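*Asks:*
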């Protein structure tokens, strides 16, 4: 991701979820009710996708992530969100000798897949994307975002979200696609980090804490950054969450690729058109960043209006990812027709791919009750 | 499973893993070293499958299960092993009305699959298979095995073990197949229980604690009990772990089935022949139970010599499941050839299926280094 002279590292205190706890311009009864709804506090209603069982599934899906993030919250550390995940495994005293970082990278990716990661890439430890400070969740003050010395690589893991559930956005039910992947993230990233620690190397497992995962995912070659603020991958389009590990294990790094997603975004505004909160930009990258502390300074990219976006989540009492559902890259690339579409979309015939997408019913919302009824 | 007049419920204190902590006839330097090896304590050696990275992967794979089982160990409760898993989710005050237990059972199985269970079955709350007492792990004394009142159903989940890793038994590497499924079990069973609790019903998630999962799995129609002490399923053969949930959610129950696995076991002794500890019986069910407190009393079934079995694990410093690897039902039923074999094995032509299996190299051990080299 391209930074300019105005670049400043981001302080986590300014992310919109953290601001919802301390910033009166963000916090409201609705944002409080949003967080309460994750504990089954009278959030359910009669609308399809917002009934008790929709919230029941969504909230249950977050459980593994919740267990990890709650365990040190009383000490100010919401692990995986406002602090790295504490390591349950000591670094082994004996260190496995690594003489071939290329082979080690390939083996590590195999182990990542064994633990359930859908994608894995490796990049260098780029300090620009570390938070300038993390947050103590006892009082939401800034505190040191410390990492051990000598870390050299960032391993980025991709976790595919359920396609059918994503098709039900906006709904509380759809949030189960998010929650399940946070739970997968938490489990997989700590198992992979434990594997590295058992080999005698440092490894700090991380979800949304410590640094911005999107620029690392892009640098690690997993995909391209898009108008909808998501990383678009050739394997799963935008339908992914990402986790990461900071490590000193000797590993070969991947090379970022630009197969042409951004060029497609240049001519496509399906996400911005569909956003009910009008939170997504229409123009070229870097030109429409809102004047808001939740937007990072000095990075040339498409930037959303985080306040407008999260305001809609609060109203809905669930996360919204309509921009993921309607994105033309939200397809099933196991199908030859969708693979063919991808080839065209990444070529100079991209306009034709966009026209084709708009004529199809690919982006149509699946009714939550139809999800429950089964395939 | 058939019980006789001599039947007595099993006290968990007598299972071989618990005895390894209090019973001098089981505990040894080797059994202590076995448990230590799960903490990377100088267990690795030069043999293929027992190097540092083999133990590193195995031990990392257990991590989610470890986090759950360690969190109340200081209070005497090793959750998932010597105590049910504590519920992180309150039972919701509003109760979703269930007017169709058949539809609810079908929906619940769908949710189980969404969370990653490979199989799910439901049976009644049969008290015979509850432990007469559980164990306080502070002093390994017996303590009450309490469950809430009014539970009516047991949901049994199956978790498939990795076929290629199972092919490497005996090795520390193979233990990663076991560990990963315990971690999956822990995560999936608490998420599914949380879903039920969010619907307003009681649900107690359980792994090896509280009761014997094998008779519940058989009653829930998931498979048949076999000579190798495992439940053999039509989907994955013996290559599964099981977890369970005790609940009062209104659910239709499944019907046990006997497609013919036991009849095959009657003519097959591949597991008993291959067991290096000679721990498996050769005769018909119920005739060869060793005189040992780890064998349940008054159940007509094939019973292993648990002391001999675990003695071999201790020597190996890892779990052994050669009996799972060599079992003729350990196949990939996605392949038509293996499905055809299954049909024959469950028919009156079973002798021919056994002959066919013995002539093939299906049961051949995969070298751990070949697993690491990748497919």
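Residue numbers (my numbering), protein chains in the order written: chain A, 960 to 1334; chain B, 960 to 1334.
Every residue gets a Cβ at the ideal spot worked out from N, C-alpha and C, and that includes glycine.
All values reported here derive from a predicted model rather than from experimental measurement.
1. Quick one, which residues of the segment 1035–1053 of chain B are near chain A if we go by CB-CB under 9 Å, in chain order?
2. At a Cβ cut of 9 Å, what residues of the segment 1196–1219 of chain B count as close to chain A, listed as they run along the chain?
3. Under DSSP, the beta strand (DSSP E) around residue 989 of chain A begins and ends at which residues?
4. Locate the beta strand (DSSP E) running through residue 1115 of chain B, then write down its first and last residues.
5. Just to confirm my understanding: we take residue 1214 of chain B, look at its own chain, exclude 5 residues before and 5 after, and list those with CB closer than 7 Å. What are they?
6. Beta-carbon separation of residue 1101 of chain B and residue 972 of chain B under 7 Å?
7. Can you tell me whether DSSP reads residue 1013 of chain B as helix, strand or coil?
8. Taking 6 Å as the limit between beta carbons, can you name the residues of its chain near residue 1269 of chain B, skipping five residues before and five after?
9. Looking at the structure shown, is residue 969 of chain A part of a helix, part of a strand, or coil, going by DSSP?
10. By DSSP's criteria, residue 1078 of chain A is part of a beta bridge. Which residues make up the other side?
11. Here's the rule: buried if 16 or more other CB atoms are within 10 angstroms of the residue's CB, otherwise exposed. What is residue 1081 of chain A?
12. Which chain A residues are close to residue 1069 of chain B, counting only those with a beta carbon under 7 Å from its beta carbon?
13. Could you spell out where the beta strand (DSSP E) holding residue 1201 of chain A opens and where it closes?
14. Around the Cβ of residue 1033 of chain B, are there at least 16 other Cβ atoms within 10 angstroms (buried) or fewer (exposed)?
15. Taking beta-carbon pairs under 8 Å, can you tell me which members of the segment 1007–1023 of chain B lie near chain A?
16. Please report the straight-line C-alpha distance between residue 1317 of chain A and residue 1105 of chain B, rounded to a whole angstrom.
17. Tell me whether the segment 1163–1183 of chain B and the segment 1142–1152 of chain B touch, counting them as touching only if at least three CB pairs, one residue from each stretch, are closer than 8 Å.
18. 7 Å is my cut-off, CB to CB: does residue 1158 of chain B come that close to chain A?
19. By the criterion of Cβ-Cβ separation under 9 Å, what are the contact partners of residue 1066 of chain B in chain A?
20. Could you tell me if residue 1226 of chain A is buried or exposed, where buried requires 16 or more neighbouring beta carbons within 10 angstroms of its beta carbon?
21. Residues of chain A with CB closer than 9 Å to the CB of residue 1149 of chain B, please, in chain order.
22. How many Å lie between residue 1103 of chain B and residue 1091 of chain B at the Cα?
23. Which residues does DSSP list as the beta-bridge partners of residue 1164 of chain A?
24. Got a sec? Which residues, its chain only, sit under 7 Å from residue 1021 of chain B by beta carbon, not counting five neighbours each side?
25. What number of angstroms, rounded off, separates the C-alpha of residue 1146 of chain B from the C-alpha of residue 1127 of chain A?
26. Can you look up residue 1297 of chain B in the DSSP assignment and give me helix, strand or coil?
27. Determine the DSSP secondary structure at residue 1025 of chain B, reduced to helix, strand or coil.
28. Give me, in chain order, the residues of the same chain whose beta-carbon lies closer than 8 Å to that of residue 1049 of chain B; leave out the 5 immediate sequence neighbours on both sides.
29. Which residue comes first and which comes last in the alpha helix (DSSP H) that contains residue 977 of chain A?
30. CB residue 1096 of chain A to CB residue 1035 of chain A, shorter than 7 Å?
31. Ordered along the chain, which non-local residues of its own chain (more than five positions away) have a Cβ less than 6 Å from that of residue 1264 of chain B?
32. Do you know whose CA, among B:1121, B:1258, B:1256, lies nearest residue 1073 of chain A's CA?
33. Give me the Cβ distance between residue 1198 of chain A and residue 1084 of chain A, rounded to the nearest whole Å; I'm assuming they're in contact under 8 Å.
34. Starting from the Cα of residue 1411 of chain A, find the closest Cα among A:1189, A:1060, A:1172 and give me that residue.
35. Using the rule of at least 16 other Cβ atoms within 10 Å of the residue's Cβ for burial, across every protein chain shown, is residue 1130 of chain A buried or exposed?
36. Does the distance from the C-beta atom of residue 985 of chain A to that of residue 979 of chain A stay below 7 Å?
*Replies:* Taking the definition as stated:
1. Only those residues of the segment 1035–1053 of chain B whose C-beta falls short of 9 Å from the nearest C-beta of chain A are listed: 1047, 1048, 1049, 1051, 1052, 1053.
2. Correct list: empty, as no residue qualifies.
3. Premise fails: residue 989 of chain A lies in the alpha helix (DSSP H), 988–996, not in any beta strand (DSSP E).
4. Residue 1115 of chain B -> beta strand (DSSP E) spans 1112–1119.
5. 1180.
6. A contact, by the Cβ cut-off of 7 Å.
7. Look at residue 1013 of chain B here: in three-state DSSP terms it is helix.
8. Hits under 6 Å: 975.
9. Reduced to three states, the DSSP call for residue 969 of chain A is coil.
10. DSSP, once it has assigned bridges, lists A:1117 as partnering residue 1078 of chain A.
11. Label assigned to residue 1081 of chain A: buried.
12. Identification of chain A residues near residue 1069 of chain B by a Cβ-Cβ cut-off of 7 Å yields 1333, ordered along the chain.
13. Its beta strand (DSSP E) spans residues 1199–1206.
14. Flag for residue 1033 of chain B reads exposed.
15. Hits within the stretch, in order: 1011, 1012, 1014, 1015, 1016, 1018, 1019, 1020, 1022, 1023.
16. In this structure, the straight-line span from the alpha carbon of residue 1317 of chain A to that of residue 1105 of chain B is close to 59 Å.
17. Per the Cβ contact rule, the segment 1163–1183 of chain B is in contact with the segment 1142–1152 of chain B (3 or more Cβ pairs under 8 Å).
18. Interface residue, yes.
19. The answer, in chain order, is 1012, 1331, 1333.
20. Of the residues assessed, residue 1226 of chain A falls on the exposed side of the cut-off, its CB having fewer than 16 other CB atoms within 10 angstroms.
21. What residue 1149 of chain B touches in chain A: 1019, 1022, 1023, 1026.
22. In this model, residue 1103 of chain B and residue 1091 of chain B are separated by some 8 Å (Cα to Cα).
23. Assignment of beta-bridge partners to residue 1164 of chain A by DSSP yields A:1204.
24. Hits under 7 Å: 997, 1138, 1141, 1142.
25. Taking the straight line joining both Cα atoms gives about 25 Å.
26. Helix, per DSSP.
27. Reduced to three states, the DSSP call for residue 1025 of chain B is helix.
28. Here residue 1049 of chain B has 1156 as same chain residues with Cβ atoms under 8 Å from its own Cβ, once five neighbours each way along the sequence are excluded.
29. Going by DSSP, residue 977 of chain A is part of the alpha helix (DSSP H) stretching over 975–981.
30. Taking the C-beta atoms as reference points, residue 1035 of chain A is found nearer than 7 Å to residue 1096 of chain A.
31. Around residue 1264 of chain B: 1238, 1249.
32. Nearest of B:1121, B:1258, B:1256 to residue 1073 of chain A, Cα basis: B:1121.
33. In fact, because the Cβ distance is near 28 Å, the residues do not count as touching under 8 Å.
34. Lying before the first or after the last residue shown, residue 1411 of chain A is absent from chain A, which here runs from 960 to 1334.
35. Looking at its Cβ environment, which holds 16 or more other Cβ atoms inside 10 Å, residue 1130 of chain A is buried.
36. Contact: yes.
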